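Asks: Have a look at this one before I ask anything.
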Amino acid sequence: MSDGPLVLGIETSCDETGVGIVRGHTLLADAVASSVDEHARFGGVVPEVASRAHLEAMVPTIERACETAGISLHDVDAIAVTSGPGLVGALLVGVASAKALALGLGKPLYGVNHLAAHVAVDQLEHGPLPEPCLALLVSGGHSSLLKVEDVTVGVDPLGATIDDAAGEAFDKVARLLGLPFPGGPHIDRAALSGNSVAIDFPRGLTSRKDVERHRFDFSFSGLKTAVARWVETQQRAGNPIDVADVAASFQEAVCDVLVRKALDAAQFHGIDDILIGGGVAANSRLRAMATERAAARGIRVRVPRPGLCTDNGAMVAALGAELVTRGRAPSALDLPADSSQPITTVVA
Ligand code: KG4
Ligand code: ZN
Numbered sequence: 000m001s002d003g004p005l006v007l008g009i010e011t012s013c014d015e016t017g018v019g020i021v022r023g024h025t026l027l028a029d030a031v032a033s034s035v036d037e038h039a040r041f042g043g044v045v046p047e048v049a050s051r052a053h054l055e056a057m058v059p060t061i062e063r064a065c066e067t068a069g070i071s072l073h074d075v076d077a078i079a080v081t082s083g084p085g086l087v088g089a090l091l092v093g094v095a096s097a098k099a100l101a102l103g104l105g106k107p108l109y110g111v112n113h114l115a116a117h118v119a120v121d122q123l124e125h126g127p128l129p130e131p132c133l134a135l136l137v138s139g140g141h142s143s144l145l146k147v148e149d150v151t152v153g154v155d156p157l158g159a160t161i162d163d164a165a166g167e168a169f170d171k172v173a174r175l176l177g178l179p180f181p182g183g184p185h186i187d188r189a190a191l192s193g194n195s196v197a198i199d200f201p202r203g204l205t206s207r208k209d210v211e212r213h214r215f216d217f218s219f220s221g222l223k224t225a226v227a228r229w230v231e232t233q234q235r236a237g238n239p240i241d242v243a244d245v246a247a248s249f250q251e252a253v254c255d256v257l258v259r260k261a262l263d264a265a266q267f268h269g270i271d272d273i274l275i276g277g278g279v280a281a282n283s284r285l286r287a288m289a290t291e292r293a294a295a296r297g298i299r300v301r302v303p304r305p306g307l308c309t310d311n312g313a314m315v316a317a318l319g320a321e322l323v324t325r326g327r328a329p330s331a332l333d334l335p336a337d338s339s340q341p342i343t344t345v346v347a
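Residue numbers for the sequence shown follow numbering that gives the first Met the number 0, beginning at 0 and rising by one.
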């Protein structure tokens, strides 16, 4: 077993109750309880339902993680928890639980940034992060390009979405196509049998004029509207909708823009390593396209396995372990949950 601090991480920013346990860069347990089925009929996460589900799942999920890791809570060196950004009621359950553990066990508490944790999790799979690296973070709530020198100190935001997040676009387009929530995995699957050049959907913020102002920013709401218009037009004309073709063409448009801008940002900043994280990083086309196009430019791409891309507790534990290893100061015990914690604040 590798060395390093034993850290328990808690994630409750959205609809997954995640409890992860790591020792340094070694993953020992990653227990996740999801309330996604309870939200499916609403077509999106209902905050109150998510908070209640976190409350019910927290203790059993902590117990399951400890059992899998073969540790007692008294063994841990620190407790880490997502303090933001996320749904405030959901975050509060995790933060209150982590405070109780830290206080009861007499261990330091680290309130960490959810996005920085999505970056740090890759260490569990591929070892220490290249420094610097260019992170493309794509989830249901965020789409950002970040320059990361040292994930425990801070990240430098280079660009972000100006409207919908990439995952949000996947979820909305899936709904339009009659696919279940969350839509990303369903579009990914449907696209496998579709033709990605069947429909030429727009690539947001890639025109010459847009690039001048928004070189490293994203926009997906125009694409979502274009898919809606296309579907409406076909329906009005009485044509059947080929869900696989729409899914593949839409997915191609999203991935094309994400990869193009990530590569452009890496080259502009002279960075040779790209790391992709967040739920959308589980997308099979995004992983393949990024790896292929980056290789052609001599840039390396790291993407954690799909289970570590979507929200989980291991990512929080991974960042916590790095903070302990690098001797960063812990949070105060009156740590608040901050629904809009800025990406520049790694530890609250
Ligand atoms: O990181 P995450 O689990 O939660 C947030 O922090 O938002 O990301 C969830 C998002 C959802 O929008 C979901 O549809 C998307 O990630 N997603 C995918 C795939 N798996 C999850 N999007 C595209 N392809 C996938 N395979
Ligand atoms: Zn996330």
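Even glycine gets a Cβ: it sits at the ideal position worked out from N, Cα and C. Keep in mind the model is a prediction, meaning the values are calculated, not measured.
If you follow the alpha helix (DSSP H) that Pro-305 is in, where does it begin and where does it stop?
Replies: Per DSSP, Pro-305 belongs to the alpha helix (DSSP H) from 305-308.
Asks: Report the three-state DSSP secondary structure of Leu-332 (helix, strand or coil).
Replies: coil
Asks: Threshold first: 3 residues or longer. Then list the beta strand (DSSP E) segments lying entirely within the region 49-116, N to C.
Replies: 77-83, 108-112
Asks: Mind listing, in chain order, the continuous beta strand (DSSP E) runs of no fewer than 3 residues lying wholly within the region 179-203?
Replies: none
Asks: Rounding to the nearest angstrom, what Cα-Cα distance links Phe-180 and Val-253 in this structure?
Replies: Going by the C-alpha atoms only, they are around 18 angstroms apart.
Asks: Could you check the C-alpha separation between Leu-114 and Thr-151 for me, to the nearest Å?
Replies: 12 angstroms
Asks: Quick one: which unbroken beta strand (DSSP E) runs of 3-plus residues sit fully inside the region 218-272? Chain order, please.
Replies: none
Asks: Would you decide whether Gln-234 is buried or exposed? Buried here means 16 or more other CB atoms lie within 10 Å of its CB.
Replies: exposed
Asks: Please state whether the Cβ-Cβ distance between Ser-195 and Ala-247 is less than 7 angstroms.
Replies: yes
Asks: Using the Cα positions of Val-92 and Ala-225, report the straight-line distance between them to the nearest angstrom.
Replies: The C-alpha of Ala-225 is placed about 39 angstroms away from the C-alpha of Val-92.
Asks: Looking at Ala-173 and His-185, is the spacing between their C-beta atoms short of 7 angstroms?
Replies: yes
Asks: Residues around the ligand ADP, please: the ones whose beta-carbon is closer than 5 angstroms to some heavy atom of it, in chain order.
Replies: Ligands displayed in this structure: the ligand KG4 and the ligand ZN; the ligand ADP is not among them.
Asks: When every heavy atom of the ligand KG4 is checked, does at least one fall within less than 6 angstroms of the C-beta of Asn-282?
Replies: Taken from the Cβ of Asn-282, at least one heavy atom of the ligand KG4 lies inside 6 angstroms.
Asks: Is it buried or exposed for Met-0, if we count other Cβ within 10 angstroms and need 16 for buried?
Replies: Legend: pLDDT at Met-0 = 47, less than 50; position of this residue unreliable, no value from coordinates given.
Asks: For Ser-330, count neighbouring Cβ atoms within 10 angstroms of its own Cβ and tell me buried if that reaches 16, exposed if not.
Replies: Buried is the call here.
Asks: Please report the Cβ distance between Glu-15 and Arg-304, rounded to the nearest whole angstrom; I am assuming they are in contact, meaning their Cβ atoms lie under 8 angstroms.
Replies: Actually they do not touch by this definition, with Cβ atoms about 16 angstroms apart.
Asks: Once you ignore the five residues that flank Ile-161 on each side, which residues in its own chain have a CB closer than 8 angstroms to its CB?
Replies: Taken in chain order, the residues that qualify are Leu-204, His-213, Asp-216, Phe-217, Ser-218.
Asks: Going straight from the alpha carbon of Lys-260 to that of Leu-322, what length do you get?
Replies: Distance between the alpha carbons of Lys-260 and Leu-322: 30 angstroms.
Asks: Closer than 6 angstroms: is that where the CB of Gly-140 sits relative to any heavy atom of the ligand KG4?
Replies: yes
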